[in-house]
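Residue numbers (full-length UniProt numbering): 1 to 209.
Everything below concerns the one structure shown next.
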Amino acid sequence: MKLDPFYLIVDDVAWLRRLLPVGVKLVQLRVKDRPDEEIREQVVTAKALCARAGACLIVNDYWRMALDEGCDFVHLGQSDLDEADVPALKRAGVRIGISTHSHEELERALTFGPDYVALGPIYPTTLKVMPWAPQGLARISEWKARVAPIPLVAIGGLTIERLPGVFNAGADSAAVVSDVLRHATPELRAREWIDASREARPAALPPVR
1 MKLDPFYLIV DDVAWLRRLL PVGVKLVQLR VKDRPDEEIR EQVVTAKALC
51 ARAGACLIVN DYWRMALDEG CDFVHLGQSD LDEADVPALK RAGVRIGIST
101 HSHEELERAL TFGPDYVALG PIYPTTLKVM PWAPQGLARI SEWKARVAPI
151 PLVAIGGLTI ERLPGVFNAG ADSAAVVSDV LRHATPELRA REWIDASREA
201 RPAALPPVR
(Lines of atoms letter the chains of each structure in order from A and count residues from 1; the text may use other names and numbers.)
(Lines give C-alpha, C1' and ligand atoms only; values in the text may rest on other atoms or scores of the structure.)
Protein backbone atom coordinates (compact mmCIF):
# COMPACT_ATOMS: atom_id res chain seq x y z
CA MET A 1 0.00 0.00 0.00
CA LYS A 2 1.18 3.52 -0.83
CA LEU A 3 0.21 6.66 1.07
CA ASP A 4 0.13 10.14 -0.36
CA PRO A 5 3.25 11.99 0.86
CA PHE A 6 1.16 14.85 2.29
CA TYR A 7 -1.06 13.73 5.18
CA LEU A 8 -3.29 16.52 6.48
CA ILE A 9 -4.94 16.28 9.91
CA VAL A 10 -7.99 18.46 10.60
CA ASP A 11 -10.15 18.98 13.68
CA ASP A 12 -13.39 19.85 11.91
CA VAL A 13 -15.06 18.87 8.66
CA ALA A 14 -15.29 22.55 7.71
CA TRP A 15 -11.59 22.39 6.85
CA LEU A 16 -12.31 19.77 4.20
CA ARG A 17 -14.60 22.12 2.34
CA ARG A 18 -11.75 24.61 2.19
CA LEU A 19 -8.76 22.36 1.62
CA LEU A 20 -9.91 19.41 -0.47
CA PRO A 21 -10.40 21.70 -3.50
CA VAL A 22 -6.70 22.66 -3.49
CA GLY A 23 -5.69 19.03 -4.01
CA VAL A 24 -5.42 17.36 -0.60
CA LYS A 25 -5.69 13.59 -1.14
CA LEU A 26 -5.01 12.11 2.31
CA VAL A 27 -6.75 13.51 5.38
CA GLN A 28 -7.42 12.46 8.94
CA LEU A 29 -10.50 13.74 10.74
CA ARG A 30 -9.50 14.13 14.39
CA VAL A 31 -12.44 15.60 16.30
CA LYS A 32 -12.20 15.85 20.07
CA ASP A 33 -14.53 16.63 22.97
CA ARG A 34 -17.83 16.87 21.14
CA PRO A 35 -21.14 15.01 21.51
CA ASP A 36 -21.31 11.69 19.69
CA GLU A 37 -24.12 12.90 17.41
CA GLU A 38 -22.04 15.83 16.25
CA ILE A 39 -19.01 13.63 15.68
CA ARG A 40 -21.13 11.18 13.66
CA GLU A 41 -22.36 14.05 11.50
CA GLN A 42 -18.77 15.12 10.97
CA VAL A 43 -17.75 11.61 9.94
CA VAL A 44 -20.67 11.18 7.53
CA THR A 45 -20.05 14.57 5.92
CA ALA A 46 -16.29 14.01 5.73
CA LYS A 47 -16.81 10.66 4.04
CA ALA A 48 -19.04 12.21 1.39
CA LEU A 49 -16.70 15.15 0.77
CA CYS A 50 -13.63 12.95 0.45
CA ALA A 51 -15.41 10.52 -1.88
CA ARG A 52 -16.40 13.42 -4.11
CA ALA A 53 -12.83 14.78 -4.13
CA GLY A 54 -11.18 11.41 -4.67
CA ALA A 55 -9.40 11.72 -1.33
CA CYS A 56 -8.67 9.09 1.31
CA LEU A 57 -10.39 9.74 4.66
CA ILE A 58 -8.92 8.38 7.90
CA VAL A 59 -11.12 8.59 11.01
CA ASN A 60 -9.23 9.12 14.27
CA ASP A 61 -10.25 7.25 17.44
CA TYR A 62 -13.93 6.63 16.65
CA TRP A 63 -13.50 3.18 15.17
CA ARG A 64 -17.01 1.95 16.01
CA MET A 65 -18.52 4.98 14.31
CA ALA A 66 -16.25 4.55 11.30
CA LEU A 67 -17.31 0.91 11.05
CA ASP A 68 -21.01 1.78 11.35
CA GLU A 69 -20.76 4.46 8.67
CA GLY A 70 -18.83 2.33 6.21
CA CYS A 71 -15.56 4.22 6.40
CA ASP A 72 -12.55 2.26 5.21
CA PHE A 73 -9.65 3.68 7.23
CA VAL A 74 -9.14 4.46 10.93
CA HIS A 75 -6.24 5.75 13.00
CA LEU A 76 -5.78 4.32 16.48
CA GLY A 77 -3.66 5.61 19.34
CA GLN A 78 -2.14 3.22 21.84
CA SER A 79 -5.03 3.72 24.27
CA ASP A 80 -7.53 2.97 21.50
CA LEU A 81 -5.92 -0.43 21.05
CA ASP A 82 -7.08 -1.37 24.55
CA GLU A 83 -10.69 -1.53 23.40
CA ALA A 84 -10.72 -1.52 19.60
CA ASP A 85 -12.04 -4.67 17.96
CA VAL A 86 -9.26 -4.93 15.40
CA PRO A 87 -10.43 -8.33 14.05
CA ALA A 88 -13.88 -6.84 13.37
CA LEU A 89 -12.31 -3.90 11.57
CA LYS A 90 -10.18 -6.20 9.45
CA ARG A 91 -13.13 -8.46 8.62
CA ALA A 92 -14.95 -5.37 7.35
CA GLY A 93 -11.94 -4.41 5.22
CA VAL A 94 -11.15 -1.33 7.30
CA ARG A 95 -7.49 -0.33 7.14
CA ILE A 96 -5.69 0.71 10.31
CA GLY A 97 -2.95 3.19 11.13
CA ILE A 98 -1.37 3.13 14.60
CA SER A 99 0.56 5.77 16.56
CA THR A 100 3.89 4.84 18.13
CA HIS A 101 6.31 6.79 20.31
CA SER A 102 8.60 4.12 21.76
CA HIS A 103 10.07 0.72 21.00
CA GLU A 104 7.49 -0.94 23.23
CA GLU A 105 4.63 0.78 21.41
CA LEU A 106 6.09 -0.20 18.05
CA GLU A 107 6.32 -3.85 19.08
CA ARG A 108 2.70 -3.75 20.21
CA ALA A 109 1.51 -1.98 17.06
CA LEU A 110 3.11 -4.53 14.77
CA THR A 111 1.18 -7.37 16.42
CA PHE A 112 -2.03 -5.85 15.00
CA GLY A 113 -0.84 -5.94 11.38
CA PRO A 114 -1.29 -2.21 10.74
CA ASP A 115 -1.57 -0.68 7.28
CA TYR A 116 0.75 2.11 8.39
CA VAL A 117 2.70 3.06 11.48
CA ALA A 118 3.03 6.68 12.66
CA LEU A 119 6.07 7.92 14.57
CA GLY A 120 6.23 11.16 16.51
CA PRO A 121 6.94 13.74 17.53
CA ILE A 122 9.84 14.03 15.11
CA TYR A 123 10.56 17.61 16.17
CA PRO A 124 9.29 19.72 19.09
CA THR A 125 5.63 20.54 18.61
CA THR A 126 3.35 23.19 20.10
CA LEU A 127 0.15 21.36 19.18
CA LYS A 128 -0.11 19.58 22.53
CA VAL A 129 2.00 18.63 25.52
CA MET A 130 3.92 15.48 24.65
CA PRO A 131 5.43 13.11 27.24
CA TRP A 132 8.02 11.97 24.68
CA ALA A 133 11.16 13.75 23.61
CA PRO A 134 11.51 14.59 19.91
CA GLN A 135 12.36 11.42 18.00
CA GLY A 136 14.65 12.93 15.35
CA LEU A 137 15.56 11.74 11.87
CA ALA A 138 17.66 8.79 13.02
CA ARG A 139 14.60 7.27 14.69
CA ILE A 140 12.70 7.52 11.39
CA SER A 141 15.40 5.43 9.72
CA GLU A 142 15.33 2.93 12.58
CA TRP A 143 11.53 2.62 12.46
CA LYS A 144 11.50 2.24 8.68
CA ALA A 145 13.99 -0.61 8.89
CA ARG A 146 11.68 -2.30 11.39
CA VAL A 147 8.34 -1.80 9.66
CA ALA A 148 9.12 -1.98 5.93
CA PRO A 149 7.28 -2.57 3.67
CA ILE A 150 4.54 -1.06 5.87
CA PRO A 151 4.32 2.70 5.21
CA LEU A 152 5.77 4.99 7.87
CA VAL A 153 4.12 8.32 8.70
CA ALA A 154 6.19 11.03 10.38
CA ILE A 155 4.39 13.58 12.57
CA GLY A 156 5.26 16.40 14.93
CA GLY A 157 6.89 19.76 14.28
CA LEU A 158 7.23 19.19 10.55
CA THR A 159 7.80 22.10 8.21
CA ILE A 160 8.26 22.33 4.48
CA GLU A 161 11.95 23.05 5.01
CA ARG A 162 12.31 19.81 6.98
CA LEU A 163 10.54 17.63 4.39
CA PRO A 164 13.62 16.49 2.41
CA GLY A 165 15.32 15.25 5.57
CA VAL A 166 12.19 13.46 6.74
CA PHE A 167 11.72 11.62 3.45
CA ASN A 168 15.43 10.90 3.02
CA ALA A 169 15.40 9.31 6.47
CA GLY A 170 12.73 6.86 5.33
CA ALA A 171 9.28 8.35 5.98
CA ASP A 172 6.64 7.65 3.37
CA SER A 173 4.24 10.40 4.38
CA ALA A 174 4.44 13.63 6.40
CA ALA A 175 1.51 14.40 8.72
CA VAL A 176 0.76 18.07 9.30
CA VAL A 177 -1.66 19.95 11.52
CA SER A 178 -0.75 23.41 12.78
CA ASP A 179 1.55 24.48 9.95
CA VAL A 180 -1.52 24.49 7.71
CA LEU A 181 -4.48 25.09 10.03
CA ARG A 182 -2.83 27.96 11.92
CA HIS A 183 -1.39 29.60 8.83
CA ALA A 184 -2.73 32.98 7.75
CA THR A 185 -3.73 31.47 4.39
CA PRO A 186 -4.40 27.74 4.94
CA GLU A 187 -5.40 27.06 1.34
CA LEU A 188 -2.15 28.50 0.01
CA ARG A 189 -0.11 26.70 2.65
CA ALA A 190 -1.78 23.36 1.88
CA ARG A 191 -0.98 23.80 -1.80
CA GLU A 192 2.64 24.60 -0.90
CA TRP A 193 2.81 21.40 1.17
CA ILE A 194 1.34 19.33 -1.67
CA ASP A 195 3.89 20.67 -4.15
CA ALA A 196 6.82 20.39 -1.74
CA SER A 197 5.96 16.84 -0.70
CA ARG A 198 5.85 15.67 -4.28
CA GLU A 199 9.14 17.40 -5.04
CA ALA A 200 10.79 15.93 -1.94
CA ARG A 201 9.38 12.46 -2.63
CA PRO A 202 9.04 12.30 -6.41
CA ALA A 203 8.55 8.52 -6.42
CA ALA A 204 5.22 8.94 -4.62
CA LEU A 205 2.36 7.09 -6.28
CA PRO A 206 -1.23 8.32 -6.50
CA PRO A 207 -2.96 8.27 -3.10
CA VAL A 208 -4.55 5.11 -1.78
CA ARG A 209 -8.34 5.09 -2.20
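Heads up, the beta-carbon is just placed ideally off N, CA and C, and yes, glycines get one too.
On a predicted model such as this, the values are computed, not experimentally measured, just so you know.
Taking C-beta to C-beta, are L67 and A92 nearer than 8 Å? Within the sequence shown, the letter at position 67 stands for residue 67. Within the sequence shown, the letter at position 92 stands for residue 92. Contact: yes.
Where V10 falls: helix, strand or coil (DSSP): On the sequence shown, residue 10 is found 10 positions in, with the first residue counted as 1. Strand, per DSSP.
For D4 versus S173, is the C-beta distance shorter than 8 Å? The count along the sequence shown starts at 1 and reaches residue 4 at position 4. The count along the sequence shown starts at 1 and reaches residue 173 at position 173. Cβ distance < 8 Å, so D4 and S173 count as in contact.
Given this structure, state the Cα-to-Cα distance separating D61 from V86, to the nearest angstrom. The residue you call residue 61 lines up with position 61 of the sequence shown. The residue you call residue 86 lines up with position 86 of the sequence shown. Going from the Cα of D61 to the Cα of V86 covers about 12 Å.
Hey, A118 and I150 are a contact pair by Cβ (cut 8 Å); roughly how many whole angstroms apart? Taking the sequence shown and counting its residues from 1, the one referred to as residue 118 is at position 118. Taking the sequence shown and counting its residues from 1, the one referred to as residue 150 is at position 150. So it is not a contact: roughly 11 Å between Cβ atoms.
Beta-carbon within less than 6 Å of P121's beta-carbon, same chain only, minus the 5 sequence neighbours each way: which residues are those? On the sequence shown, residue 121 is found 121 positions in, with the first residue counted as 1. Around P121: M130, P134, G156, G157.
Report, in whole angstroms, the separation of the C-beta atoms of G140 and A169, which I expect to be a contact under 8 Å. Residue numbering aside, residue 140 sits at position 140 when the sequence shown is read from its first letter. Residue numbering aside, residue 169 sits at position 169 when the sequence shown is read from its first letter. The sequence shown places Ile at residue 140, rather than the Gly named in the question. Right, the Cβ-Cβ distance comes to about 4 Å (below 8 Å), so this counts as a contact.
Unbroken beta strand (DSSP E) runs of length 3 or more, entirely within the region 63 to 87: which are they? 73 to 76
Considering Cα atoms alone, identify which of Q78, P114, V147, V59 is closest to D72. Taking the sequence shown and counting its residues from 1, one reaches residue 72 at position 72. Of Q78, P114, V147, V59, the residue nearest in Cα terms is V59.
Within its chain, find whatever has a CB closer than 7 Å to the CB of L163; leave out the 5 residues flanking it on each side and keep chain order. Your numbering for residue 163 matches position 163 in the sequence shown. Within the same chain, L163 has close Cβ partners A174, A196, S197, A200.
Quick check: L26 and L8, are their CB atoms within less than 8 Å of each other? As a first step, residue 26 is located in the sequence shown; it is residue number 26 there, counting from the start. As a first step, residue 8 is located in the sequence shown; it is residue number 8 there, counting from the start. Going by C-beta atoms, L26 is nearer than 8 Å to L8.
Do you know offhand how far V94's Cα is from V74's? Here residue 94 corresponds to residue number 94 of the sequence shown, with the count starting at 1. Here residue 74 corresponds to residue number 74 of the sequence shown, with the count starting at 1. Going from the Cα of V94 to the Cα of V74 covers about 7 Å.
Own chain partners of A84 with C-beta closer than 7 Å, once the 5 adjacent residues on each side are dropped: Your numbering for residue 84 matches position 84 in the sequence shown. Counting only Cβ-Cβ distances below 7 Å, and skipping sequence neighbours, we find W63, L76.
Spatial neighbours of R209 in its chain, beta-carbon cut-off 8 Å, leaving aside the 5 residues before and after: Within the sequence shown, residue 209 is the residue found at index 209, counting from 1. Confidence at R209 is low in this model, with a pLDDT of 41, below 50, so its placement is unreliable and the value that follows should be read with caution. Setting aside the 5 residues that flank it on each side, R209 is surrounded in the same chain by G54, C56, each with a C-beta closer than 8 Å to its C-beta; the list follows chain order.
Considering only residues of the same chain and omitting the five flanking positions on each side of K47, which have a CB-CB separation below 8 Å? Translated into the one-based positions of the sequence shown, residue 47 becomes position 47. Taken in chain order, the residues that qualify are L57, E69, G70, C71.
Same chain only: Cβ atoms within 8 Å of I39, ignoring 5 sequence neighbours per side: Taking the first residue of the sequence shown as position 1, residue 39 is located at position 39. Once the five neighbours on either side are set aside, the close Cβ partners of I39 are V31, Y62, M65.
Can you tell me the Cβ-Cβ gap for L137 and G113, rounded? I've got them flagged as a contact below 8 Å. Reading the sequence shown from its first residue, position 137 is the one you call residue 137. Reading the sequence shown from its first residue, position 113 is the one you call residue 113. No, L137 and G113 are not in contact; Cβ-Cβ is about 27 Å, not under 8 Å.
With the cut-off set at 8 Å, would you say I194 and G23 are in Cβ contact? Counting from 1 along the sequence shown, the entry for residue 194 is found at position 194. Counting from 1 along the sequence shown, the entry for residue 23 is found at position 23. Yes; because the gap between Cβ atoms is below 8 Å, this pair is in contact.
For a quick check, are the C-beta atoms of L106 and W143 less than 8 Å apart? Indexing the sequence shown from 1 puts residue 106 at position 106. Indexing the sequence shown from 1 puts residue 143 at position 143. Going by C-beta atoms, L106 is nearer than 8 Å to W143.
One or two residues paired with L29 in a DSSP bridge: Locating residue 29 in the sequence shown gives position 29, where the first residue counts as 1. In the DSSP output, where bridge partners are listed per residue, L29 has V10, V59.
Report the three-state DSSP secondary structure of R146 (helix, strand or coil). Here residue 146 refers to the residue found at position 146 of the sequence shown. Reduced to three states, the DSSP call for R146 is helix.
Would you mind giving the Cβ-Cβ distance between L20 and L49, rounded to the nearest angstrom? I have them listed as a contact below 8 Å. Residue mapping note: residue 20 aligns to position 20 of the sequence shown, counting from 1. Residue mapping note: residue 49 aligns to position 49 of the sequence shown, counting from 1. Separation of the CB atoms of L20 and L49 is rounded to 6 Å, and the pair is thereby assigned contact status at 8 Å.
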